[in-house]
Amino acid sequence: MRTKEQLTEDIRDDKRAVLVVNTHSRRGRLLYEAARERLVGAGFTLLGACAVDRPRELPRILAEGLAKRPDLLIAGGGDGTISTAARLLAHQDVALGLLPLGTTNNFARTAHTPLDLAEAVEVLVKGKVIDLDLGLAGDEPFTNHVGIGLSAEVMLKAPRPLKRLLGRYAYPLTALGLLTRHEPLRITVRTAGRSHDFRSHQVYVANGGHHAGRPIAGDADADDRLLVAYTVGGPSRRELLVETARNAAKGPTRTLREEPFLAVDELWLETDRPARVEVDGEPGGSTPMRIGLAANALRVMAPIDAPDR
1 MRTKEQLTED IRDDKRAVLV VNTHSRRGRL LYEAARERLV GAGFTLLGAC AVDRPRELPR
61 ILAEGLAKRP DLLIAGGGDG TISTAARLLA HQDVALGLLP LGTTNNFART AHTPLDLAEA
121 VEVLVKGKVI DLDLGLAGDE PFTNHVGIGL SAEVMLKAPR PLKRLLGRYA YPLTALGLLT
181 RHEPLRITVR TAGRSHDFRS HQVYVANGGH HAGRPIAGDA DADDRLLVAY TVGGPSRREL
241 LVETARNAAK GPTRTLREEP FLAVDELWLE TDRPARVEVD GEPGGSTPMR IGLAANALRV
301 MAPIDAPDR
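So this is what it looks like as structure tokens:
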């Protein structure tokens, strides 16, 4: 395994990369050709370049790209695409390059990657390799978060045309439609010998620093060896709506030492009835579930001034 410094130097010198873009992501179809042309224009040797129309084929195509032995595997798409690539690249001697082409682009924001395509390519040319944590939902690595409750229903039922039209605002609109029929959960979070009980429509366990395109807290990121568990409001629907708005407005000014956050490296989550789980926006089973951490498991190409612990 090369050091991060050696891998950075090899990427800059040799520019051996594979490009995979999910064209079902919000901007993937529109920007695939532009991304490929910019990378070639920047001097990259693309050992493979693929626009993926069927998201279910992403794991296979990404694995085929990794088999070409690039120094940099560039994934273009939303958080689901990035999470799929991250699972494949965990503990590998290959860096993940990010082209944020999705709806909320939470992991790209956490990795300090600009959302503009030209600026994101510039990071791949002039940036550095850092290592970030991955969460573990059971044995399944994830980049951003695990959601239990209403968010799992929203991720399954948010209409794709609405996401293309409204971006991240499609999710709260879908949630409002589902909320009238959703019943709150009794939630138990067990951490290091302690038990924490809640009643809420929604609980998250975050690895990254962003959710819904906004900061979770001013000091939350994917390089701190911590998971952050938090409920959103209490049992009433009004509390959920008020807390959601408060989270959006106050995220950057809060710290992980404040309520409702539990910052730990491992937890066991139970609910009073089996509840659907979404892992980085994709179906991920149901409760109960152990959620853990794989520290510094993923190498990512990031801006030259990005922090790296």
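The numbering of the sequence shown is full-length UniProt numbering, which starts it at 1 and goes up by one. All C-beta atoms, glycine included, are put in the ideal place defined by N, C-alpha and C. Remember, predicted model here, so these are calculated numbers, not experimental data.
Quick check: what's the CA-CA separation for His112 versus Lys128?
His112 and Lys128: Cα-Cα distance of roughly 12 Å.
When you compare the CB positions of Leu115 and Thr84, do they come within less than 8 Å of one another, or not?
No, Cβ-Cβ distance for Leu115 and Thr84 is not below 8 Å.
Nearest by alpha-carbon distance to Met155: which of Asp280, Ala75, Thr271 and Ile11 is it?
The option with the nearest alpha carbon to Met155 is Asp280.
How would you label Glu119, buried or exposed, when you count the other beta carbons within 10 angstroms and need 16 or more for buried?
Classification of Glu119: exposed, given that the 10 Å Cβ count is below 16.
Since I believe Arg69 is in contact with residue 347 (beta carbons under 8 Å), could you give me their beta-carbon distance rounded to a whole number of angstroms?
Within the shown structure, residues of the chain are numbered from 1 to 309, placing residue 347 beyond reach of any answer.
Could you name the residues that DSSP lists as bridge partners for Tyr230?
For Tyr230, which the question treats as bridged, DSSP gives the partners Tyr204.
Taking only three categories from DSSP, how would you classify Asp265?
Coil, per DSSP.
Where Pro288 and Thr188 are concerned, what is the direct C-alpha to C-alpha distance, given to the nearest angstrom?
C-alpha separation (whole angstroms): 10 Å.
If you measure between the beta carbons of Ile61 and Val20, is that distance less than 8 Å?
Yes. Within cutoff.
If you compare alpha carbons, which of Ile130, Thr81, Pro161 and Ile216 is closest to Phe261?
Closest by alpha carbon: Ile216.
Can you name the start and end residues of the alpha helix (DSSP H) that Glu5 belongs to?
Lys4 to Asp14 is the span of the alpha helix (DSSP H), which, as asked, contains Glu5.
Looking at the strands, I want to know which residues DSSP matches up with Ile187.
For Ile187, which the question treats as bridged, DSSP gives the partners Phe198 and Thr271.
Buried or exposed: which applies to Glu258, given that a residue is buried once 16 or more other Cβ atoms fall within 10 Å of its Cβ?
When all chains shown are included, Glu258 counts as exposed.
Select from Arg29, Ala90, Val125 and Phe142 the residue whose C-alpha is nearest the C-alpha of Asp13.
Comparing Cα positions, the closest option is Val125.
Determine the direct distance from the alpha carbon of Ala206 to that of His145, and round the result to whole angstroms.
In a straight line, the C-alpha of His145 is about 4 Å away from that of Ala206.
Tell me whether Glu243 is buried or exposed, calling it buried when 16 or more other Cβ atoms sit within 10 Å of its Cβ.
Answer is buried; the Cβ neighbour count reaches 16.
To the nearest angstrom, how far is it from the Cα of Asn296 to the Cα of Gly209?
Each residue's Cα considered, the two are about 15 Å apart.
Does the distance from the CB of Arg194 to the CB of Gly251 come in under 8 Å?
No. Outside cutoff.
Return the bridge partner residues of Ala137 from the DSSP annotation.
In DSSP, Ala137 forms a bridge with Glu140 and Ile291.
Nearest CA to the CA of Val52: which residue from Gly65, Phe142 and Thr253?
Checking every option, the nearest Cα to that of Val52 belongs to Gly65.
For Met301, which residues does DSSP report across the bridge?
Val129, per the DSSP bridge assignment.
Put Ile216 into one of helix, strand or coil per three-state DSSP.
Ile216: coil per DSSP, three-state reduction.
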